[in-house]
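S.K.: This is the structure, below, for whatever I ask next.
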Amino acid sequence: MNILLLGSGGREHTFAWKMRQSPLCEKLIIAPGNAGMTDLGININIDPIDFQAVRILAIAEKIDMIVVGPEEPLVRGIYDYFQHDLSVEHIAIVGPSRMGALLEGSKAYAKRFMQEFDIPTAAYREFSKEDLNAGLNYIAQQKLPIVLKADGLAAGKGVIICATITEAQQAFREMLDGKFGEASAKVVIEEFLTGIEFSVFVLTDGKDYKILPVAKDYKRIGEGDTGPNTGGMGAVSHPPFVDQVLMQKVEERVIKRTIKGIQKTDLDYKGFIFFGLINVNGDPYVIEYNCRMGDPETEVVFPRLKTDLVALMQAMCEGRLSEIEIEEDERAAATVILVSGGYPDAYEKGKMITGLEQVEGSIVFHAGTKSMGNQIVSNGGRVLAITSYGKDFHEALQLSYKNAEKIQFNNKYYRKDIGFDL
Ligand code: AMP
Ligand code: GLY
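Quick note on numbering: the sequence shown equals residues 554 to 975 in my numbering.
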């Protein structure tokens with residue numbers, strides 16, 4: 554099978570690494586890819602949101618399946634674009650339709666969906682510009698802290714947690730005034746939930762589903778979960794607090810009801826669903842849906858997935874998901890992200906990376922790198938993900954940290970406390 558993988562981060566490097574292990578993967582093209590993926594497939598410098606260029610590439614390379622890594626092409630409707638074109642409609646897309654991707658692309662849509670299908674989530678109300686006064690009044694009546702969310706995609710920055718009413722009212726005004734552009738033309742105000750977060754992933758064809766290994770990621774830049782949110786600074790799989798009792802509740806109350814909702818709403822959904830969950834006194838609540846795999850969760854989830862990923866995705870596309878068995882590696886996996894100093898605010902790119910060849914026993918997934926002649930240089934905020942296995946996550950982390958020290962680039966930073974709360 555000829556596969557086209559879209560994206561350029563650590564998540565996509567892990568997809569490429571895992572798909573390459575499959576005998577079903579004959580040709581792998583990656584657009585645009587990064588320096589870590591050049592041995593795994595042919596990297597072609599095309600932007601995944603340029604659907605026309607993706608289409609031309611897919612035809613030229615006789616692609617059978619397109620695996621969409623990031624959310625943006627999905628939210629913009631890459632699935633629908635291919636489906637409505639006779640010359641490419643035979644190409645299977647792993648990722649939902651534009652309507653399905655609204656579960657991530659619009660927080661208000663996702664909240665309404667959860668309410669309709671009785672999926673546990675924080676209580677909320679949605680407001681747009683004409684409801685300014687109603688929104689300010691609503692805020693004044695809420696318990697603290699208050700969570701404000703921009704409705705649309707805001708590069709992971711659209712959630713503000715406010716400690717006082719005044720702060721929340723101020724932030725609410727700013728959001729409606731365009732703090733996140735169109736994304737905050739509508740704002741969801743919701744109840745703050747207290748608990749520990751975890752990430753559950755399924756692959757679904759909209760009817761059947763398969764649950765992948767569970768993970769927990771660390772989003773804040775600073776140790777002890779402090780400072781601004783990032784794309785993710787590390788991850789662990791399996792987080793020990795997610796026991797069978799909790800997973801049973803996740804499956805019954807969240808996964809099954811979501812799949813039922815997808816069917817009842819007639820959403821065309823053939824792809825991954827990432828449930829961002831929080832454990833509130835033993836009960837799972839949905840913080841958010843994403844229409845793709847997580848990053849850096851993928852860097853620990855796929856290494857623990859023994860099942861052939863290409864066979865799994867192919868079965869999903871062909872409506873044969875029930876034939877596939879998910880096998881998990883019994884070992885734990887952990888990943889530590891090396892980032893550019895300054896991230897998630899301003900940071901510099903183009904720093905020479907050395908010491909990669911000294912890494913022993915870990916897998917290095919590239920996140921933001923590119924080749925410059927014979928050198929590999931940084932090309933993003935998140936630069937590398939160092940994944941290791943261990944008998945438990947402590948052992949896995951120890952190995953990742955040992956190798957993190959061997960890799961050098963100017964202004965390298967990483968959190969030394971991944972897994973601290975487990
Ligand atoms: P989101 O972009 O929706 O994942 O939100 C980003 C982060 O904000 C989440 O990972 C949580 O840590 C936090 N968050 C979002 N919603 C809530 C909530 N209702 N209660 C507590 N924390 C939340
Ligand atoms: N790690 C969180 C995300 O991928 O959105």
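Even for Gly, the Cβ is constructed at its ideal location relative to N, Cα and C.
1. Is there a Cβ of chain B sitting closer than 7 Å to that of Tyr954, yes or no?
2. Which runs of the beta strand (DSSP E) fall wholly inside the stretch 729-791 and span at least 3 residues, in chain order?
3. Terminal residues of the continuous beta strand (DSSP E) containing Ala703?
4. With 16 as the cutoff for other CB atoms within 10 Å, does Met618 come out buried or exposed?
5. Can you list, in chain order, the residues of its chain with a C-beta nearer than 6 Å to that of Val981? Leave out the 5 residues immediately preceding and following it.
6. Relative to the C-alpha of Val700, which residue among Phe725, Gly658, Met572 and Asp730 is closest?
7. Residues bridged to Asn596 by DSSP?
8. Going by DSSP, name the residue or residues bridged to Arg935.
9. With DSSP as the reference, identify every bridge partner of Phe827, one or two as the case may be.
10. With DSSP as the reference, identify every bridge partner of Ile612, one or two as the case may be.
11. Check each candidate in Phe680, Ile612, Leu830 and Asn587 and name the one with the smallest Cα separation from Met667.
12. For Gly563, report the span of its beta strand (DSSP E) as first-last.
13. Please classify Ser941: does DSSP put it in a helix, a strand, or coil?
14. Specify the secondary structure class of Glu881 as computed by DSSP and reduced to three states.
15. State the DSSP-derived secondary structure class of Met800, mapped to helix, strand or coil.
16. Where the beta carbon is closer than 5 Å to any heavy atom of the ligand GLY, which residues qualify, in chain order?
17. Between the Cα of Ala611 and the Cα atoms of Ser640, Arg573, Gly780 and His791, which residue gives the shortest distance?
18. Report yes if the C-beta of Val700 is less than 6 Å from at least one heavy atom of the ligand AMP; otherwise report no.
19. Which first and last residues belong to the beta strand (DSSP E) in which Val641 is found?
20. Going by alpha carbons, who is nearest to Leu655 out of Ala588, Val853, Leu858 and Glu624?
M.R.: Judging by the given coordinates:
1. Here there is only one protein chain, and chain B is not present.
2. 739-744, 749-757, 762-764, 773-775, 779-782 and 787-790
3. Position 150 of the sequence shown, counting from 1, holds the residue named residue 703. Its beta strand (DSSP E) spans residues Ile699 to Ala703.
4. Residue numbering aside, residue 618 sits at position 65 when the sequence shown is read from its first letter. Flag for Met618 reads buried.
5. It is not possible to answer for residue 981, since the shown part of the chain is limited to 554 through 975.
6. Locating residue 700 in the sequence shown gives position 147, where the first residue counts as 1. Nearest option by C-alpha distance: Phe725.
7. Taking the sequence shown and counting its residues from 1, one reaches residue 596 at position 43. DSSP, once it has assigned bridges, lists Ile583 as partnering Asn596.
8. In the sequence shown, the residue the question calls residue 935 occupies position 382. According to DSSP, Arg935 bridges with Val892.
9. Here residue 827 refers to the residue found at position 274 of the sequence shown. Beta-bridge annotation (DSSP): Phe827 is paired with Phe754 and Asn843.
10. As a first step, residue 612 must be located in the sequence shown, where it is residue number 59. Note: Ile612 sits in no beta bridge, so no partner.
11. Within the sequence shown, numbered from 1, the residue matching residue 667 stands at position 114. The shortest C-alpha to C-alpha distance from Met667 to any of Phe680, Ile612, Leu830 and Asn587 is the one to Leu830.
12. Position 10 of the sequence shown holds residue 563. Per DSSP, Gly563 belongs to no beta strand (DSSP E); it is in the alpha helix (DSSP H), Gly563 to Arg573.
13. Position 388 of the sequence shown, counted from the start, is the residue given in the question as residue 941. Here Ser941 sits in strand by DSSP.
14. Counting from 1 along the sequence shown, the entry for residue 881 is found at position 328. Note: Glu881 maps to strand in three-state DSSP.
15. What you label residue 800 is simply residue 247 of the sequence shown in a count that begins at 1. For Met800, the three-state secondary structure derived from DSSP is helix.
16. Asp770, Gly785, Gly847 and Asp848
17. The residue you call residue 611 lines up with position 58 of the sequence shown. For the residues Ser640, Arg573, Gly780 and His791, the minimum Cα distance to Ala611 belongs to Ser640.
18. Counted from its first residue, the sequence shown places residue 700 at position 147. Because some heavy atom of the ligand AMP lies under 6 Å away, the Cβ of Val700 counts as near it: yes.
19. Counted from its first residue, the sequence shown places residue 641 at position 88. Taken as a continuous stretch (DSSP letters only), Val641 belongs to no beta strand (DSSP E), as it is neither H nor E.
20. As a working mapping, residue 655 is identified with position 102 in the sequence shown. From the listed residues Ala588, Val853, Leu858 and Glu624, the smallest Cα separation to Leu655 is found for Glu624.
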